[in-house]
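Protein chains in written order, with our numbering: chain A, 6 to 187; chain B, 45 to 353.
Take a look at the structure:
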């Protein structure tokens with residue numbers, strides 16, 4: 006197994022700063038905009054972005070956690086049931102601009118499920134997608150991010166591995182893992 | 045990845061404590077779903093579930109049906125009173141006919157002990173026991189324990205007393221198994237004629253005096269007197285039962301502590317419990333009903349989720 010570091014702590018901070026600036030460019034002062042982090046790791050990222058935006062804009066930003074487990078289309082395709090995480094959306098998304106936040110965009114199926122899950126909280130005016138890592142050329146569905154931290158070209162056999170401090174780790178690291186051919 | 049250790053939910057006896065905790069954690073999420081403006085998720089949209097009820101039921105059948113619909117499953121209902129069972133069809137034939145219509149899961153209530161276990165051996169689909177005679181009623185026990193956990197934070201270490209007709213109650217047996225697996229202490233209290241003779245072998249305390257039992261427990265789970273299952277008289281009259289074993293407000297107020305009152309329903313108001321107790325702030329009877337839907341969603345979700353291979 007080979008591991009290649011794609012993003013380290015320093016680069017991650019710079020990337021989040023850049024993403025926040027891009028968000029402000031499009032959403033001004035976040036009057037009608039809300040952020041929804043996808044469980045589990047998109048939530049950590051969404052929290053960091055919200056914190057940074059709060060500092061930059063000096064105001065509260067609406068943040069929710071969305072769990073898409075019950076909306077997935079690969080349920081019952083796996084051997085074991087998928088176990089859900091908490092969904093916490095303390096506001097309605099009716100007529101809001103929603104920014105969905107996730108760590109890695111791969112097939113696009115989680116994002117499709119997320120859009121289904123989000124509809125349970127109202128009809129948003131607009132939905133955007135922010136991802137930290139965009140695995141290019143690997144989509145099963147016509148879904149593209151509006152904001153991306155980094156592009157990665159990798160094979161299907163390779164895996165993007167996200168480690169964040171919020172998971173109890175010492176450093177933020179994002180790895181590209183290649184399994185050795187046996 | 046976590047999953048249940050069983051393929052069917054036939055009784056609490058077959059479950060491990062980890063299974064029960066997994067069901068609770070999943071139910072937490074479903075409880076949140078059913079409190080949203082849109083109370084439905086598409087998880088089981090490719091599944092058909094048959095509710096096969098050979099015995100009367102309002103709460104359990106409605107609760108299962110609602111849970112199935114909230115999960116987007118297709119639902120068919122069957123009750124024996126309007127079926128070919130009356131014409132002499134056997135249980136296995138009835139169920140095989142339902143399965144021939146491509147049903148994926150069966151939720152069954154039957155008056156014979158062990159009938160879901162029998163079915164599980166002979167048919168391929170997943171079976172959920174919704175009560176078999178005087179044996180087990182697993183989803184009721186799960187929702188009872190879930191309600192205790194919700195009210196008191198945890199089940200472990202709590203003292204729970206089950207009052208009333210233990211002899212004829214499937215709720216009592218399933219509750220005893222569930223509560224013990226979760227680390228609670230269990231007592232049963234009722235007239236001696238309504239306590240099964242073997243009951244102490246399950247490791248429960250026995251108390252014949254209502255007041256002493258109430259003083260001991262944190263939670264009182266009050267059962268209904270099941271007159272329909274009693275072929276002989278077990279006590280002289282309902283009035284006498286109510287005098288000795290009816291829980292009323294005066295009695296509760298005279299205790300030095302507050303206890304949680306539960307009842308699996310249907311309530312015989314004025315017999316095992318008075319109206320002012322059933323409607324008081326101590327009572328979590330309606331929370332039990334709400335939690336029933338969430339628990340049943342969790343059970344169906346977890347059973348359906350694992351592939352059949």
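Idealized CB from N, CA, C, for every residue including glycine.
Computed from a predicted structure; not experimentally measured.
- Annotated three-state conformation of residue 27 of chain A is helix, per DSSP.
- Annotated three-state conformation of residue 153 of chain A is strand, per DSSP.
- Scanning the stretch 188 to 276 of chain B from its first residue to its last, the whole beta strand (DSSP E) runs of 3-plus residues come out as 203 to 207, 229 to 233, 249 to 251, 263 to 266.
- Within chain B, the C-beta atoms nearer than 7 Å to that of residue 86 of chain A come from 47, 345, 346, 349, 350, in chain order.
- In the displayed model, residue 285 of chain B falls within a helix according to three-state DSSP.
- Restricting attention to beta strand (DSSP E) runs no shorter than 3 residues, the stretch 86 to 117 of chain A encloses them at 102 to 110, ordered along the chain.
- Taking C-beta separations shorter than 6 Å and ignoring five residues to either side along the sequence, the partners of residue 179 of chain B in its chain run 157, 214, following chain order.
- Cα atoms of residue 101 of chain B and residue 80 of chain A: separation of roughly 31 Å, rounded to the nearest angstrom.
- Residues 95, 108, 172, 174 of the same chain have their beta carbon placed closer than 6 Å to that of residue 151 of chain B, with the five preceding and five following residues left out of the count.
- Residue 76 of chain A belongs to the set of residues whose beta carbon lies under 9 Å from a beta carbon in chain B.
- For residue 181 of chain A, the enclosing beta strand (DSSP E) begins and ends at 178 to 183.
- With distances taken between CA atoms, residue 147 of chain B lies nearest to B/91 out of B/192, B/162, B/91.
- In summary, residue 209 of chain B is buried, with 16 or more beta-carbon neighbours lying within 10 Å of its beta-carbon over all protein chains present.
- With respect to chain A, the C-beta atom of residue 184 of chain B has no partner C-beta closer than 9 Å.
- When rounded, the separation of the alpha-carbon atoms in residue 14 of chain A and residue 164 of chain A is 19 Å.
- Rounded to the nearest whole angstrom, the CA to CA distance from residue 176 of chain B to residue 81 of chain B is 35 Å.
- A straight-line Cα-Cα distance of about 5 Å links residue 193 of chain B and residue 199 of chain B.
- In the DSSP assignment, residue 297 of chain B falls within the alpha helix (DSSP H) that extends over 293 to 297.
- At least one beta carbon of chain B lies nearer than 9 Å to the beta carbon of residue 83 of chain A.
- The beta-carbon distance between residue 346 of chain B and residue 67 of chain B, rounded to whole angstroms, is 7 Å. This is short enough to meet the 8 Å contact definition.
- Separation of the CB atoms of residue 106 of chain A and residue 173 of chain A is rounded to 21 Å, and the pair is thereby denied contact status at 8 Å.
- The beta carbon of residue 76 of chain B falls within 9 Å of a beta carbon belonging to chain A, placing the residue at that interface.
- The criterion of a C-beta distance shorter than 9 Å is satisfied by residue 124 of chain B and residue 97 of chain B.
- Cβ neighbours of residue 119 of chain A within its own chain (closer than 7 Å, five residues either side excluded): 43, 71, 73, 105.
- In the structure shown, residue 70 of chain A adopts extended strand secondary structure according to DSSP, grouped into three states.
- Taking the Cα positions, residue 147 of chain A is about 8 Å away from residue 113 of chain A.
- Secondary structure note for residue 43 of chain A: its beta strand (DSSP E) is the uninterrupted segment 38 to 43.
- Counting other Cβ atoms within 10 Å of its Cβ, residue 197 of chain B stays below 16 and is therefore classed as exposed.
- Relative to residue 83 of chain B, the option among B/56, B/159, B/103, B/111 whose CA is nearest is B/111.
- Note that the C-beta distance between residue 154 of chain A and residue 132 of chain A is not below 9 Å.
- Under the 9 Å criterion on CB atoms, residue 127 of chain A is classed as interfacial with respect to chain B.
- Among the CB atoms of chain A, none fall inside 9 Å of the CB of residue 104 of chain B.
- When Cβ pairs closer than 8 Å are counted between the two stretches, the stretch 325 to 332 of chain B is seen to touch the stretch 298 to 306 of chain B, the count reaching three or more.
- One Cα belongs to residue 85 of chain A, the other to residue 116 of chain A, and the distance between them is close to 21 Å.
- Cβ-Cβ separation between residue 218 of chain B and residue 55 of chain B: approximately 7 Å, consistent with a contact (criterion under 8 Å).
- Bridge pairing for residue 135 of chain A: A/106, A/152 [DSSP].
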